[in-house]
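Sequence order for the protein chains is A and L. Each residue of the first sequence is one higher than the last, beginning at 0 in numbering that gives the first Met the number 0. Each residue of the second sequence is one higher than the last, beginning at 0 in numbering that gives the first Met the number 0. The C-beta atom is built at its ideal place from N, Cα and C for all residues, glycine as well. Only a predicted model underlies this, so the values are computations on that prediction, with no experimental measurement involved. The structure under discussion appears below in the form of structure tokens.
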Amino acid sequence: MACARGADQVKILCLSLLRLGDIIQHRQLVRSVMAQHPEAEIHLLCHEQFAQARDLFSESVKFHFIPYQDLQKILVERRQNPKAALELLSQCLKTIKAEKFSLLYDLTHTFFSDIVRRALGIPSVKPQALWKTYLEDHATITAGSRFHLIETLARSLGLEIAPVAPSLAAREKIIVLQTLTSDQKKNWSLGSFQKLVTRIEQELPGYQIQILSSPVEQEQLLKVFSKDLLFVSTMKQAQDLLRRASVLVSLDTSLLHLAAQENCPTVGIFLGGADPHKTGPLLSGAIVLHGKSSCAPCSHSSPCQQPRHFCQELISLDQVFLALSHQLGKDNNMLAAERVIFQKNAYSLRSMKTTAGSLDQSFEEIIWRYYLDGTWQEELPRVNSQVRQFLTENSQASPEMKLQLIRRQKTLAGEFQLCLETLEEAMKKISFLCVSPTEPQTDRVNAIRKDILGKLFHWTRQFSEQQDLFHRLQMTLENEVASAFELYRRLKSPFEEFQCLTAIRNQFADHLLNLHSERDAKGEMKWTRPTPPSLKG
Amino acid sequence: MQGQEVRPRKVEEKILADGTKIPLFEERAPCSQRSPLREAQDWLVREKSKWAISSLKTKPVVVLGAGAGLHLTELWRSEEIGGKIYVIELEAALFHWNQANQSFPQDRVKFINQAELSPFLTEMESALPIVTEFRPGWLWNSEEYLQISNRLLGERNIKQILNETLPEMSEQDQILWRALGELIK
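Right under this line is the structure:
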């Protein structure tokens, strides 16, 4: 990305207008911006209540703040004219504009950040269209996402995120626990943590336990834990502790991300609205225990609707202790958990043991990444390298498992081809209505819409592991349309997405099959390049 | 000011058990008769939690109702407040009682009576002050105090501004109001 260069130093502004955990994760993206613009001065705009983030960045970054809480108070509490909020925001943006930034990266991607970006009028990096659409339609708060939010942001903005270099310093025998979140639904009970403490004391006697606490949480924690276990600290002090500690066991909090940044091995407990696919720790080898009840992950904003905290009950003391022991190198039989695989620009969660399910998941990710990166639009398909990467990542899978995967994927590709043909028929019908000399009745158009929607609901249930393929189509059809043109216009892009993903799946499965038939003398899969049918065709 | 109760002209005084002196109008007091100091302290804590911190340093504070002055003492002693404090007291007798019985630093606290009200409000409208109500002190003037409050706080809240007045604004103001609208979603 080229920057305008003048007599003054080039300045780049990054918007990080979410919560503390997000700012900590955005540090990876800020590093990437720095690497792309080594001579530029990097500034970060955050909400003022997270000003403590400034102490957590070792990089040379200048911080600016939006007085979010003050603005909210003026508007909600009504002790001042709303014009005071306008004046305050205006002054804040004026100060930022005075810095004369050359370029802006929106790392937030919310309506608010988009308006701030427009108000500042700074030339901004345009997100890549396919990843941007994915971010908007799949990675929102309620919709499920196959990819980590930071990966989605990085790829959409042309940035590269990479694992933090391992710290060579020896870690001390300290086990750190983060036992509370700001959201009751995301908590594992303090009673469970108390039992964990007892078990650590009994079975890992050489280790010191430190329970992280903010000054506000101290009173609540002292009812359960003794004072000498508590580490009441600022975020900066917690960061220093995590630099030295052997492991952190944490709920889905900003501290989990802070530990990942400090390369501290982690065990993350994800409950309630916490979704480790979207917000897991960006650290290879991090263990994730996800309370996958049928209702999880639930909405962040509403309280738990269930009679009991089902997702919490799915995480046992044994599981957490085994995961902790595994991270300390004391137990290698940790199977009932997932681990993070974090490579350059790619975050994945995988079962500790390779299963058919994890192979399928890996295959889906590779198809989606290939599609969303959009390389098939510009050059000869790079299926070869993608399939090789898939095989490398899943080297533990037996040849039989791989063969079964190929068979499953070929069957799926055939089934999706049938879905595609049904959708193509529907599109033809809608196009016909568009050019019909008499204006078709809205009822008729909406009847077609409902018919497709019904089929999509059916396919979503039938292909539950691939239901995100139908997500955009479903969203598009949920509301009534006024005309055949409107229906066609709405369907066009998600239909093309489905078409493209089906073609890619076919191609990938064919390539894998080809590899399988070309086994070498050792019985290993060998790559011979087949002639791929052009995706564009 | 039609249809109002007839106000007693004479102010009496009551000395509470802790020695606090409060004004009385035929048994009615413009503050708590049991623990006015506690009432004043609680009032300040509650109100402060609703004020924007950045405004405290720079904006004037307009208090609607002088009461027995105890809440005003708590207010001007509060270190966070940097702007001048204006106290609107519409009841002449109470205005004078406070002038005679309370002593505030003149550079920090200024009382505004009925006669000074109009030019004061005109001046304050553009200053966008913090407006805070001491309702126990309103006695006979609730309606008028509410009108003053509405005038200083603006008739429209953010949602009404976004729905009703946006098209009349400059493009930049429209963008900023929309951003503010996002903050309260």
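Could you list which residues in chain L have their beta carbon closer than 9 Å to that of residue i, in chain order?
i, result
"residue 89 of chain A", "171, 172 and 175"
Give every residue of the same chain whose Cβ lies closer than 6 Å to the Cβ of residue i, excluding the five residues on either side of it in the sequence, and list them in chain order.
i, result
"residue 194 of chain A", "316"
"residue 174 of chain L", "none"
"residue 285 of chain A", "265 and 339"
"residue 158 of chain A", "28 and 31"
"residue 69 of chain L", "35, 36 and 39"
"residue 409 of chain A", "508"
"residue 81 of chain L", "56"
"residue 140 of chain L", "89"
"residue 289 of chain A", "269 and 275"
"residue 244 of chain A", "173, 175 and 263"
Please report whether the beta-carbon of residue i lies at a distance below 8 Å from any beta-carbon of chain A.
i, result
"residue 68 of chain L", "no"
"residue 164 of chain L", "no"
"residue 86 of chain L", "no"
"residue 72 of chain L", "no"
"residue 93 of chain L", "no"
"residue 153 of chain L", "yes"
"residue 109 of chain L", "no"
"residue 120 of chain L", "no"
"residue 21 of chain L", "no"
"residue 167 of chain L", "no"
"residue 14 of chain L", "no"
Run down chain L in chain order and give the residues with a C-beta less than 7 Å from the C-beta of residue i.
i, result
"residue 250 of chain A", "What residue 250 of chain A touches in chain L: nothing, since even the nearest Cβ is about 26 Å away."
Which residues in chain L sit within 8 Å of residue i, going by Cβ to Cβ distance?
i, result
"residue 70 of chain A", "51, 179 and 182"
"residue 67 of chain A", "182"
Leaving out five residues before and five after residue i in sequence, what residues of the same chain have Cβ atoms less than 8 Å from its Cβ?
i, result
"residue 49 of chain A", "18, 19 and 22"
"residue 302 of chain A", "183 and 184"
"residue 98 of chain L", "110"
"residue 126 of chain L", "58 and 59"
Residues bridged to residue i by DSSP?
i, result
"residue 345 of chain A", "A/342"
"residue 21 of chain A", "According to DSSP, residue 21 of chain A bridges with nothing at all."
"residue 22 of chain L", "L/12"
"residue 64 of chain A", "A/45"
"residue 263 of chain A", "DSSP lists no partner for residue 263 of chain A."
"residue 289 of chain A", "A/269"
"residue 109 of chain L", "L/85"
"residue 105 of chain A", "A/14"
"residue 250 of chain A", "A/268"
"residue 131 of chain L", "L/62"
"residue 229 of chain A", "A/210"
"residue 337 of chain A", "A/287 and A/350"
"residue 176 of chain A", "A/210 and A/248"
Against chain L, does residue i count as a neighbour if the rule is that its beta carbon must be under 8 Å from one of theirs?
i, result
"residue 86 of chain A", "yes"
"residue 483 of chain A", "no"
"residue 110 of chain A", "yes"
"residue 53 of chain A", "no"
"residue 407 of chain A", "no"
"residue 379 of chain A", "Low local confidence applies: a pLDDT of 49 at residue 379 of chain A is under 50, so the model's placement there is unreliable, and no value is given."
"residue 2 of chain A", "Bear in mind that a pLDDT of 45 at residue 2 of chain A, under 50, signals an unreliable position, so the number given afterwards is only what the model happens to contain. Not an interface residue."
Which residues in chain A have a C-beta closer than 9 Å to the C-beta of residue i? List them in chain order.
i, result
"residue 130 of chain L", "77, 78, 79 and 80"
"residue 64 of chain L", "Correct list: empty, because the minimum Cβ distance to chain A is about 15 Å."
"residue 54 of chain L", "69, 72, 73, 78, 79, 83 and 87"
"residue 145 of chain L", "Those within 9 Å of residue 145 of chain L in chain A number zero; the least Cβ separation is about 13 Å."
Keeping to the same chain, check which residues put their C-beta closer than 7 Å to that of residue i; ignore five residues upstream and five downstream.
i, result
"residue 277 of chain A", "138, 144, 147 and 148"
"residue 67 of chain A", "46, 47 and 48"
"residue 326 of chain A", "246, 264, 266 and 286"
Does the ligand FAD have a heavy atom nearer than 7 Å to the CB of residue i?
i, result
"residue 330 of chain A", "The ligand content of the structure shown is nil, which means the ligand FAD is not present either."
How would you list, in chain order, the residues of chain A whose beta-carbon sits under 8 Å from the beta-carbon of residue i?
i, result
"residue 82 of chain L", "The premise fails here: residue 82 of chain L is roughly 12 Å from chain A at the closest Cβ pair, so nothing lies under 8 Å."
"residue 157 of chain L", "74, 81 and 84"
"residue 127 of chain L", "79, 80, 82, 83 and 86"
_Under 7 Å, CB to CB, which of the residues in the segment 114–139 of chain A have a partner in chain L?_
Within the segment 114–139 of chain A, the residues whose Cβ lies closer than 7 Å to any Cβ of chain L are, in chain order, 114, 115, 117 and 118.
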